[in-house]
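Participant: Count along the sequence shown from 1, then add 22; that gives the number in our numbering. Beta carbons: idealized from backbone N, C-alpha and C, even for Gly. None of the values given here were measured: they were computed from a predicted structure.
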Amino acid sequence: MFGLSHLERRGNPAERQRLLEAAGMPVIRDYTERQFKSPQRDAIWGAVHQSAFDAQPVTICYLPIYGPNGKPVSYVVSEVLVSDLVSAQRLKPYGMQLMLLDPEGKPVFVDPALKQGRQLADRIMSMRGDFHLEIDWRNARLLMFYQGLVSHWRIVYAVPLSAVIARHTIVVVISLLFLLTGLVGIFWTAREVRRRIIEPARKNAEEVIKGRDLIQTLMELAPVALCLLRVDRGTVLIQNERARELAQLEISKGEARWPLLDFFLAVPSAGPEIPHSVEVETNAPDHERRQYIVAKLMRIRYEDQPALFCAFSDVSDRKNAELALAAARDAADSANKAKSAFLAMMSHEIRTPLYGVLGTLELLGKTALSPQQHGYLGTVQQSSGNLLQIINDILDFSKIEADQLSLALAPFNAIELAEGVARNFAPLARQKGVDLYCCLQPDVPVLLGDRHRLQQVLSNLVGNAVKFTDSGKIVIRLNGREVEPGRFALDLQVTDSGIGIGKADQARLFEPFTQADDSTARRFGGTGLGLSICRKLVALMGGGIELVSETGLGSSFTVRLPLAITERPQPASLAGVALVHVQAGASDWRENLLAQIRHAGGQAQPFSATAAIGPDDILLVAGPADAGLVQGFAHVVRLTPEGAPAPEWHDDGWHVSGLCQQGLLDALRLAGGQGLHPAAAAAGGEPAAHRGLHVLVVEDHPINQLVMSDQLEQLGCTVTLVADGREALQRWRRGERYDVMLTDVNMPNLDGYALARQLRVDGIGVPIVGVTANAQPEEAARCLAAGMDAHLAKPVSLAELTAALAPFRMRSASPPANVLPHLEGLKPAMRELFVSTARADWLAVLAAIPGGDSASVVVHAHRLKGALATIGAADAVEYCARLEERAAEGAMDDTADDVRWLNDYLSPILEVLP
């Protein structure tokens with residue numbers, strides 16, 4: 023029903039009908055077409071009530087009508103059935119049910135088929151928003167909730183899912199297919215994403231987590247403090263418990279105190295990812311002690327931020343131990359210096375009186391003594407020598423223990439060294455009835471090493487062999503090979519047939535103060551230092567020492583050394599010398615003698631009684647031989663233990679030491695009618711005297727003055743004695759002149775070093791020989807540095823004194839007048855042989871000089887030099903060698919002085935025929 027007011031006054035019924043329809047249709051259309059959002063502008067809705075006509079639920083709608091001026095001119099009032107408003111009939115074909123609620127939530131219309139209406143009403147009243155859609159799977163329906171409809175009314179639609187599907191089957195199927203395809207695609211994509219991205223990322227994340235856990239575990243287990251600092255903020259990113267503890271330490275910088283980690287951040291970096299170390303002294307938290315921290319720092323990047331990795335530890339215990347060790351070392355060094363000073367002083371104090379003992383004993387041996395006196399003298403000399411060896415061993419051991427022993431490297435001839443040691447011990451071995459001989463490889467080159475120390479090692483080994491061998495033999499062997507260009511592996515072996523050493527004792531034999539057993543020490547004596555020193559000296563030279571021994575069968579010590587080659591000397595040539603028949607009791611000695619002769623270019627074979635003997639063949643006899651053995655030989659050379667290094671003529675042939683290769687070759691050349699080799703001529707043997715030398719002796723000790731004066735006079739020198747260096751310097755400055763000066767280096771007022779330096783400053787070039795009680799090699803270097811020419815260690819023997827003066831004999835103003843004094847002690851046959859050969863060679867030289875025949879001068883001067891060497895005329899040998907050298911250089915004009923001197927010297931044999 024419609025209410026009318028203004029329209030009823032209009033008279034045209036059709037017009038009234040049109041206006042009513044125009045006013046009412048929009049309202050009906052608004053609801054029947056379900057335009058539920060809001061009513062038309064200005065529409066006013068009344069409450070729901072029952073219609074007075076049919077008791078149906080209705081609502082009143084007031085719709086204003088506007089005039090041209092936009093103001094309402096009237097209202098259309100419509101009574102609208104609620105059923106028309108919701109169009110329930112139109113929803114039934116779709117199987118839809120609905121429920122309409124007023125703004126207070128009271129049901130205005132409820133479809134009888136709607137289930138759970140009350141729950142749905144409560145649900146929509148609690149909703150927020152205008153629309154909500156959900157599926158009620160339990161009742162198989164689709165629920166749609168609307169709010170804000172016509173003055174805040176609410177409506178609920180329930181659509182069965184079966185109806186939705188039945189009406190839209192194709193769409194649903196297609197949607198399901200698309201959904202299924204999408205689900206499959208999503209599933210496959212998800213699977214691939216999971217396999218390719220998520221799983222690797224998960225595993226990587228797990229590994230990272232595990233790695234971080236492991237790193238943290240390792241950091242906690244690490245014995246040092248570890249931490250990672252962020253550089254820009256100074257915060258700790260990672261650290262272990264040890265780092266937390268040490269981080270409390272502070273570092274003092276003047277008055278300021280820095281936390282330890284802040285100090286690490288302030289340490290200048292050496293560069294990115296370059297570790298650098300620091301060591302700092304810190305204050306402990308209690309400020310009562312100092313702690314020392316050693317840290318290793320490295321700048322890195324962590325999570326794309328600059329960071330500092332620190333690894334540090336407390337080294338206070340080690341530092342304190344080092345400080346204590348340094349203090350102990352200083353104390354030990356002081357004690358060692360005191361010990362060294364004590365040993366040096368004791369060495370000087372012992373050597374000085376020992377020089378008086380040994381020097382006097384040696385001079386006593388030159389006098390006429392009875393056999394019994396000679397025996398007593400030998401015992402005293404041996405005991406004194408043993409005392410000297412003990413002193414030397416103690417000093418060497420002290421230096422070795424203090425790591426102060428150094429090597430003095432120089433070229434040396436290993437063959438001459440071994441032979442010299444053998445000759446030194448030959449008399450003692452001969453006294454015990456023990457054969458001592460050498461088997462030396464003849465082609466061993468000149469090597470670079472410490473000759474003095476190697477001689478010391480070999481002397482100790484040979485001395486032990488002589489001491490512990492009462493019968494049989496001692497053999498010194500020298501072998502080697504060139505292992506690479508310029509390097510020679512030298513083997514020195516000493517073998518004896520002595521008491522031997524048991525296996526159990528060999529391991530400790532090289533320990534200090536140790537001998538094979540107590541019975542050996544009681545029987546033979548000794549300090550037990552010798553082999554210990556030998557092992558350490560050999561190790562210092564870069565080599566080793568080996569021992570092979572059996573109790574009762576003897577011992578064999580082998581020293582192996584790698585040494586540099588400096589020279590390969592040529593041996594005396596035996597070319598042109600007749601066949602040599604070698605007779606030796608020991609087969610190894612015989613084979614070595616054969617090798618020596620063949621190496622020199624000679625011919626040799628073992629002696630055989632049935633072998634044919636040529637008219638010029640030579641018999642070489644090593645050791646005793648029957649008289650009938652030499653029959654049939656024109657020339658005989660005998661090797662004897664007591665023989666001299668230079669050949670000597672005797673009635674039964676040439677005699678020479680069996681412990682000198684050069685002497686053997688020279689003897690064979692002489693037996694074969696040839697001169698000496700240049701090396702032998704240059705060496706010439708040690709002169710018997712130094713007649714004509716005027717020697718100034720500077721010595722403050724009265725006994726040493728007496729001994730040295732007697733020794734020099736024994737050598738034929740004129741001696742002047744002064745008690746200190748100041749007096750000696752005054753004599754030189756007064757114009758006194760001497761050929762040689764021997765000076766003690768430790769004297770009051772002015773010592774020998776200062777004296778030598780002052781003389782050199784004054785321009786005085788006299789030869790100076792320093793005499794000291796210090797036997798160490800560095801003492802010789804100190805003497806040379808002070809300006810001295812040579813060095814002698816007390817006690818000084820006649821042989822050592824002779825060798826020291828030999829280089830200065832040519833400077834003497836009074837050389838021997840002529841050759842005759844050197845001929846006095848020769849056998850008649852030897853004298854006749856020398857005179858004939860020397861006279862012929864010198865006349866040949868004189869004949870060649872006017873014509874400038876330098877080649878002839880070289881040949882005959884060389885032969886004459888060899889002959890002069892055999893009689894010990896060392897001064898004439900030097901003149902002859904200089905003449906040969908200048909002639910070889912073609913400098914014949916420079917030979918006049920040498921020719922004049924030699925002519926005067928040889929004049930006695932030129933005036934008379936032999």
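(1) Would DSSP call tyrosine 901 helix, strand or coil?
(2) Among Thr257, Trp671 and Ala247, whose alpha-carbon lies nearest the alpha-carbon of glutamate 267?
(3) Once the 5 residues before and after glycine 89 are set aside, which same chain residues still bring their CB inside 6 Å of it?
(4) Specify, as a first and last residue, the run of the alpha helix (DSSP H) that proline 942 falls within.
(5) Under DSSP, the beta strand (DSSP E) around proline 584 begins and ends at which residues?
(6) First and last residue of the beta strand (DSSP E) that includes histidine 677?
(7) According to DSSP, is glycine 256 part of a helix, a strand, or is it coil?
(8) What's the gap between the Cα of glycine 792 and the Cα of methionine 763?
(9) Look at the alpha carbon of leucine 243 and the alpha carbon of arginine 804, and state the distance between them as a whole number of angstroms.
(10) Glutamate 906: which of Val921, Ala895, Ala317 and Leu347 sits nearest, CA to CA?
(11) What residue range is occupied by the uninterrupted beta strand (DSSP E) comprising alanine 776?
(12) Determine the DSSP secondary structure at aspartate 336, reduced to helix, strand or coil.
(13) For valine 717, list the residues DSSP reports as bridge partners.
(14) Is there contact between the stretch 409 to 416 and the stretch 776 to 785, where contact requires at least three CB pairs shorter than 8 Å?
(15) Would you call the stretch 559 to 575 and the stretch 464 to 478 in contact, with 3 or more CB pairs under 8 Å?
(16) Use the C-beta contact count for arginine 612: other C-beta atoms within 10 angstroms, 16 or more gives buried, fewer gives exposed.
(17) Between which two residues does the alpha helix (DSSP H) holding serine 731 run?
(18) Taking the alpha carbon of isoleucine 146 as the point to measure from, which residue in Pro129, Ala634, Gly576 and Phe434 has its own alpha carbon closest?
(19) By the DSSP assignment, the alpha helix (DSSP H) with arginine 266 in it spans what residues?
(20) What is the rounded straight-line gap between the Cα of valine 899 and the Cα of phenylalanine 830?
(21) Along the chain, which unbroken stretches of the beta strand (DSSP E) at least 3 residues long are found entirely within the stretch 472 to 520?
(22) Which residues in the same chain have their Cβ closer than 6 Å to the Cβ of aspartate 863, if we skip the five residues on either side of it in sequence?
(23) Please say whether valine 181 and glycine 117 have beta carbons closer to each other than 9 Å?
(24) Run the CB neighbour count on serine 630, radius 10 Å, all protein chains shown included, and call it buried at 16 or more, exposed below.
(25) For the beta strand (DSSP E) holding lysine 318, just list the boundary residues, first then last.
(26) Of all the alpha helix (DSSP H) runs that stay within the bounds of the stretch 585 to 655, which reach a length of 4 or more residues?
(27) Heavy atom of the ligand HEM less than 8 Å from the Cβ of leucine 886, yes or no?
(28) Of the residues Leu250, Ile496, His672 and Leu283, which one's Cα is nearest the Cα of glutamate 325?
(29) What residue does the beta strand (DSSP E) around methionine 241 start on, and which one ends it?
(30) Specify, as a first and last residue, the run of the alpha helix (DSSP H) that threonine 211 falls within.
(31) So for proline 125, helix, strand or coil by DSSP?
(32) Quickly, what does DSSP pair serine 299 with across the bridge? List them, please.
(33) Is it buried or exposed for glutamine 683, if we count other Cβ within 10 angstroms and need 16 for buried?
(34) One question on the structure: do glutamate 295 and arginine 321 come within less than 9 Å of each other, judged by their Cβ atoms?
(35) Cβ atoms of aspartate 732 and proline 770: under 9 Å apart, would you say?
(36) In the structure shown, what three-state DSSP assignment does serine 274 receive?
Facilitator: Quick answer:
(1) Translated into the one-based positions of the sequence shown, residue 901 becomes position 879. Tyrosine 901 carries a helical assignment under DSSP once its states are collapsed to helix, strand and coil.
(2) The sequence position of residue 267 within the sequence shown is 245, counting from 1. Of the candidates Thr257, Trp671 and Ala247, the one whose C-alpha sits nearest the C-alpha of glutamate 267 is Ala247.
(3) Working through the sequence shown from its first residue, we reach residue 89 at position 67. Cβ within range, chain order: Val95.
(4) The structure shown does not extend to residue 942, since the chain spans only 23 to 936, so no value can be given for it.
(5) Reading the sequence shown from its first residue, position 562 is the one you call residue 584. That run of the beta strand (DSSP E) goes 576 to 589.
(6) Within the sequence shown, residue 677 is the residue found at index 655, counting from 1. Element bounds for histidine 677: 675 to 679.
(7) Here residue 256 refers to the residue found at position 234 of the sequence shown. If DSSP states are grouped into helix, strand and coil, glycine 256 belongs with coil.
(8) Against the sequence shown, residue 792 aligns to sequence position 770. Against the sequence shown, residue 763 aligns to sequence position 741. Roughly 8 Å between the two C-alpha positions.
(9) Position 221 of the sequence shown, counting from 1, holds the residue named residue 243. Position 782 of the sequence shown, counting from 1, holds the residue named residue 804. Spanning the two alpha carbons is a distance of roughly 60 Å.
(10) Numbered from 1 along the sequence shown, position 884 holds the residue referred to as residue 906. Comparing Cα-Cα distances from glutamate 906 to each of Val921, Ala895, Ala317 and Leu347, the minimum goes to Val921.
(11) Position 754 of the sequence shown, counted from the start, is the residue given in the question as residue 776. Taken as a continuous stretch (DSSP letters only), alanine 776 belongs to no beta strand (DSSP E), being part of the alpha helix (DSSP H) at 774 to 783.
(12) Taking the first residue of the sequence shown as 1, we reach residue 336 at position 314. Strand, per DSSP.
(13) Mapped onto the sequence shown, residue 717 falls at position 695. Listed as beta-bridge partners of valine 717 by DSSP are Val741 and Val762.
(14) Output reads no: the stretch 776 to 785 does not touch the stretch 409 to 416.
(15) With the cut-off at 8 Å, the stretch 559 to 575 and the stretch 464 to 478 touch.
(16) On the sequence shown, position 590 is the one that residue 612 refers to. It counts as buried.
(17) On the sequence shown, residue 731 is found 709 positions in, with the first residue counted as 1. Annotation for serine 731: the continuous alpha helix (DSSP H) segment containing it runs 724 to 736.
(18) As a position in the sequence shown, residue 146 is number 124, starting the count at 1. Of the listed residues, the one whose Cα sits closest to isoleucine 146 is Pro129.
(19) Residue mapping note: residue 266 aligns to position 244 of the sequence shown, counting from 1. Bounds of the alpha helix (DSSP H) holding arginine 266 are 263 to 268.
(20) As a working mapping, residue 899 is identified with position 877 in the sequence shown. As a working mapping, residue 830 is identified with position 808 in the sequence shown. The straight-line gap from Cα to Cα measures roughly 14 Å.
(21) Qualifying beta strand (DSSP E) stretches, in chain order: 495 to 506 and 509 to 518.
(22) Within the sequence shown, residue 863 is the residue found at index 841, counting from 1. The answer, listed in chain order, is His882, Arg885 and Leu886.
(23) Mapped onto the sequence shown, residue 117 falls at position 95. Mapped onto the sequence shown, residue 181 falls at position 159. Yes, they are a contact pair.
(24) The residue labelled residue 630 in the question sits at position 608 within the sequence shown. Serine 630 is exposed by the Cβ-count criterion.
(25) Locating residue 318 in the sequence shown gives position 296, counting from the first residue. Run containing lysine 318: 312 to 324, per the beta strand (DSSP E) assignment.
(26) Counting whole runs of 4 or more residues, the stretch 585 to 655 contains the alpha helix (DSSP H) stretches 609 to 621.
(27) As far as ligands go, the structure on display features none, and thus does not contain the ligand HEM.
(28) On the sequence shown, residue 325 is found 303 positions in, with the first residue counted as 1. With distances taken between CA atoms, glutamate 325 lies nearest to Leu250 out of Leu250, Ile496, His672 and Leu283.
(29) Counting from 1 along the sequence shown, the entry for residue 241 is found at position 219. That residue, methionine 241, is in no beta strand (DSSP E); its alpha helix (DSSP H) goes 221 to 243.
(30) One-based indexing of the sequence shown puts residue 211 at position 189. For threonine 211, the uninterrupted alpha helix (DSSP H) segment begins and ends at 191 to 215.
(31) As a working note, residue 125 is residue 103 in the sequence shown. Correct three-state label for proline 125: coil.
(32) Looking up residue 299 in the sequence shown gives position 277. Lys318.
(33) By one-based count along the sequence shown, residue 683 stands at place 661. Its Cβ being crowded by 16 or more others within 10 Å, glutamine 683 is buried.
(34) Taking the first residue of the sequence shown as position 1, residue 295 is located at position 273. Taking the first residue of the sequence shown as position 1, residue 321 is located at position 299. Between glutamate 295 and arginine 321, the C-beta spacing is below 9 Å.
(35) Counted from its first residue, the sequence shown places residue 770 at position 748. Counted from its first residue, the sequence shown places residue 732 at position 710. Cβ distance not < 9 Å, so proline 770 and aspartate 732 don't count as in contact.
(36) Position 252 of the sequence shown, counted from the first residue, corresponds to residue 274. In this structure, serine 274 counts as strand in the three-state DSSP scheme.
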